[in-house]
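Using this note's numbering, the letters of the sequence shown correspond one by one to residues 12 to 647. Where a beta carbon is used, it is the ideal one built from N, C-alpha and C, also for glycine. Keep in mind that this is a model prediction, so the values were computed, not measured.
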Amino acid sequence: MPFTMPAFLLRGLAFVCLGISLAQAVQVSATEAAAHRIVMLNASDPQLPAFIAVDSALQAAVREQSPVPVDFYDETLDVYRFGEARLEEKLRDLLTEKYKAVPVEVVVAYGKAALEFAERHRNRIWPGAAIVFNSVSSDDLADGVPGNRTAGVPVEPAFGQTIELALRLRPRTSRIVVVAGTAEADRRLLSQARAALVPYKNNFEIQYDVDLTLADLEASLRALPPDAIVLYLTMFRDASGSPQVPAEVLQRLAIASPVPIFGIFETYLGQGSTAGVISSYDAQGRRAGEMVARILGGEDPAAIGVDAPVSAGCMADWRQLDYWGLQENRLPGDCDIRYRPVTAWEQYHWQILAVLAVVLVQSLLILLLVTSRRRLSRARSELQAENTLRADSERDVARLQNRLTRFGRQRSQGAMAATIVHEISQPLIAIQNYTLAARRRFESDSGERSKIIELLDKIAGQAERAGVITQRVRTLVSSNEAQMSQVSVATLIAEVIPMLESECAAVNCTIHYRPISYIRPVLADPLQIQLVLVNLLNNALYSIARSKPGASVISVCMEMPSDELVQVSVIDEGAGVAPDRVDQVFEPLYSDKKAGMGMGLSICRDIVELHGGRIWYEENLAGGAIFRFTLRTFEQ
C-alpha cells in the first residue's frame with residue numbers, strides 16, 4: 012500500500028519553504044540596500060590602457076575606505092570613435108530606462124564629454140547623484156563651471172616641460188614636429204599644445220602634422236632630418252575619419268620615425284615614446300577615488316570642489332634612451348626610468364651573497380683544518396720533547412722540594428726568633444731601667460727603703476712578664492691561636508703606661524690618658540693587645556726623641572664608633588711618617604730605626620686582624636702621627 016503524507020504535514024512543509032525563501036530575499040535586499048552604487052562613465056573606449064590604469068586605482072581607493080560593499084557600473088559614450096551628437100538622445104533614454112530602479116550615489120566622469128553628458132542628464136538618469144570627474148584638463152574646465160554637486164581632479168598637460176626635457180636630451184634640435192589626430196579630443200589637446208609652444212617659435216622650426224592619414228603621417232616622419240624631435244599628442248581619428256587607438260598609432264610611428272618621439276601620457280612609455288613630463292595615472296585615480304569615498308562618507312561635493320591637478324614628473328623609457336644614444340645623466344636626478352634591464356646582481360644579489368658567504372665559510376674551514384693539522388703535528392713533536400724533559404724535571408723538583416723544606420724550616424725558626432726578640436725586649440728594658448733606678452737609690456744612701464722595695468717588686472713583675480711573653484710568643488708563632496677572654500681595654504692601657512716611665516723620662520715626654528667609664532669590655536688576648544700598645548707607644552717615643560726636643564705629650568684615647576667596636580688611638584707630636592712611605596709602614600722588614608728589624612707594626616697588624624679588628628695610620632695635622640686600631644666588644 013503506497014505511503015500518503017497527511018495534508019497538515021504538507022501545509023506545514025510549504026510554510027517552512029516559503030519562510031526560508033522570504034528570509035533569503037530579505038537578506039539579499041538588505042545587502043543590496045547597504046551597498047554603495049557608482050557609475051563609471053567613460054567618454055572614450057574603456058579598454059584604453061590609460062583609462063584602465065586610472066579606473067583600477069580609483070576603485071581600489073574607494074574599496075579601501077568604504078566600510079560597506081561598493082558596486083561599480085561601467086558605461087561608455089565612445090564619442091571619439093562614433094561621435095556623440097547623433098547618439099546622445101538615444102544613450103540618454105537607454106540609461107534612463109536602465110537605471111530607473113537603481114539608486115546611484117556617484118557618477119565618475121572620465122573626460123570632458125562624459126562630464127558634460129553627466130551634468131546635462133544627471134537629474135533625469137541619476138537623480139540626486141554627485142559627479143566626480145577625472146581626465147579633464149584645466150583649460151576644458153574654463154569653458155564652464157561644474158555644478159554644485161560636482162567635484163573632481165583636473166589634469167594639466169605638461170607640454171612645455173616635456174619640450175624642455177626633450178631639448179636637454181637633444182640639445183642640437185632645430186625642428187619640433189607636433190603630431191595629432193582630427194577627433195574633437197585630438198584638436199582640444201592640439202590647441203593647448205600650440206599655446207605652450209609659442210615661446211619656442213623664434214628659436215625652432217615648428218611643424219604640425221595634424222590633417223594627415225596615418226599612412227601619410229608615417230611617410231612625413233620618415234622624411235624628417237636628424238636634428239628634429241617629435242611631440243606626439245593623441246590620434247583618435249585620422250584625416251580619413253578612421254577611428255584609431257592612440258597607443259597603437261604610436262607604435263607604428265615609432266617604427267617609421269628616424270628621430271625620438273616624446274609624449275605626455277604614461278601609457279605611451281613602452282609603446283615607442285622616449286620620455287616626457289607626465290602625471291601618474293595611479294596618482295590621478297587614487298586622488299579621484301579618495302574624493303568618491305569622502306562623498307560616500309557624507310561630505311558635500313560642493314565643499315570638496317575642484318582639486319589641484321596631480322603634479323607631473325619626469326618619466327623615461329631606458330630602451331629608447333639606449334636606442335637613440337641619449338645620455339641618461341642629462342635627465343633630472345628624480346626621473347623615473349622604466350624598462351631598465353635587471354642585472355643578475357640586482358635580481359639575485361641576496362642569493363649571490365649567500366653563495367659567496369657559503370664559499371667563504373668553506374674556505375675558512377679548509378684553512379682552519381690545514382692550520383689545525385700543522386699545529387697538531389707541531390704539538391705532537393713538542394709533546395714528545397716535553398715528555399723527555401718531564402722525567403728530568405721531576406727529578407729536579409724532588410731535589411728542590413727537599414731544599415724548600417729545609418728553607419721553610421729555617422725561615423720559620425727565623426720568624427720565631429725575630430718575634431721573641433722583639434716582644435721580650437720590652438720587659439727586659441723595663442727590668443734594666445728599674446735596676447738602674449734601684450742602684451742609684453742604693454748609692455745615694457737616701458734611705459728610701461720603701462721605694463727600693465717597690466722597684467724590686469717591679470723588677471720581679473717584669474721578669475715574670477718576660478717569661479709569660481716568651482711562652483705566649485712561642486704559642487703565637489706556632490699556631491696563631493689567641494687565648495681570648497673578656498677584658499677591659501682601659502685596664503690594659505693603665506697597666507702598660509707605667510712600664511714606659513723610664514723611656515718617657517729619658518725624652519722628657521708625658522703619656523696622657525684618661526679612662527672613660529662607658530667603654531664596653533672587649534673579647535681579646537690581654538698579652539697580645541698589650542704588645543700592640545707597647546709597640547705603638549715605643550714608636551711614638553722614638554719619633555718624639557728624633558724630632559722634637561723639650562717637653563712633649565703622647566695621648567692615648569678610647570671611643571666607641573659603634574656598639575660592636577672599641578677604637579684606641581695613639582697620638583704623638585713626633586716626626587710622623589714620610590708621605591712616600593705611608594703605604595709601607597705595616598709591611599714586614601719596614602723600619603725607620605737604625606737598629607730596628609721592621610717586624611713591630613707588621614706583628615701589630617697580625618694581632619689586631621686575628622682579633623677581628625683593623626689598624627691604620629693617619630697624619631696628625633698638628634704634627635706627628637696617629638695610629639688607630641679597633642677591637643670587637645664582648646657579647647654574652
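- Looking at the backbone, the Cα of S613 and that of G561 are separated by about 30 Å.
- For W335, there is no enclosing beta strand (DSSP E); the enclosing alpha helix (DSSP H) has its first and last residue at W329 to W335.
- For T245, no alpha helix (DSSP H) segment is defined, and its DSSP state is neither H nor E.
- When DSSP assignments are scanned along the segment 506–541, the uninterrupted stretches of beta strand (DSSP E) that are 3 or more residues long and fall wholly within it turn out to be 520–524 and 533–535.
- Check the Cα spacing between Y279 and each of Y529, R233, S231 and Y292: the tightest is with Y292.
- Per the coordinates, the alpha-carbon of A589 lies some 19 Å from the alpha-carbon of L548.
- Per DSSP, the beta bridge partners of G324 are I289.
- R592 and E512 have their C-alpha atoms spaced approximately 30 Å apart.
- Residue W137 holds the alpha-carbon nearest to the alpha-carbon of K109 among R385, W137, G300 and S253.
- Taking C-beta atoms as the reference points, A365 and C325 fail to come closer than 8 Å.
- Look at E357 here: in three-state DSSP terms it is helix.
- Taking a 10 Å sphere around the C-beta of F128, we find 16 or more other C-beta atoms and assign the residue as buried.
- For the pair V500 and F640, the Cα-to-Cα distance works out to about 12 Å.
- Taking 8 Å as the upper bound for CB-CB distance, R103 and R135 are in contact here, some 7 Å apart.
- In the displayed model, G192 falls within coil according to three-state DSSP, outside both helix and strand.
- The count of Cβ pairs closer than 8 Å, one atom from the segment 501–510 and one from the segment 533–542, reaches three, so the stretches are in contact.
- For F62, the enclosing alpha helix (DSSP H) begins and ends at P60 to Q76.
- Partner residues in the beta bridge of H47, as assigned by DSSP, are V81.
- Residue environment: S496 is assigned as exposed (fewer than 16 neighbouring CB atoms within 10 Å of its CB, all protein chains considered).
- For M571, the three-state secondary structure derived from DSSP is strand.
- Taking C-alpha positions only, I306 is separated from E130 by approximately 17 Å.
- R186 has its alpha-carbon roughly 55 Å from the corresponding atom of K111.
- Taking 3 residues as the shortest admissible run, the segment 166–238 contains the following complete beta strand (DSSP E) segments, listed from N- to C-terminal end: 186–190 and 216–220.
- The residue from I463, A449 and A471 with its alpha-carbon nearest to that of P438 is A471.
- Remark: three or more beta-carbon pairs, one from each stretch, lie closer than 8 Å, so the segment 161–169 and the segment 139–151 are flagged as touching.
- Nearest Cα to P320 within the set D151, K101, D617 and R248: D151.
- Taking the Cα positions, L232 is about 16 Å away from A250.
- Take A239, set aside five residues on each side of it, and the residues of its chain with a beta-carbon closer than 6 Å to its own are R186, V188 and V270, in chain order.
- For L380, the secondary structure class from DSSP, reduced to helix, strand or coil, is helix.
- With the rule of 3 Cβ pairs closer than 8 Å, the segment 509–527 does not count as touching the segment 619–634.
- One thing to note: L534 has its Cβ no nearer than 8 Å to the Cβ of R625.
- The C-alpha of P168 lies about 39 Å from the C-alpha of A45.
- Of the candidates R410, S461 and R349, R349 places its Cα closest to the Cα of W329.
- Nearest Cα to G158 within the set G139, A448, T173 and Q172: G139.
- Minimum Cα-Cα distance from H622 among the listed residues V260, V577 and Y628 corresponds to V577.
- Excluding five sequence positions before and after R297, the CB atoms of its chain that fall closer than 8 Å to its own CB belong to A68, L69, A71 and A72, given in chain order.
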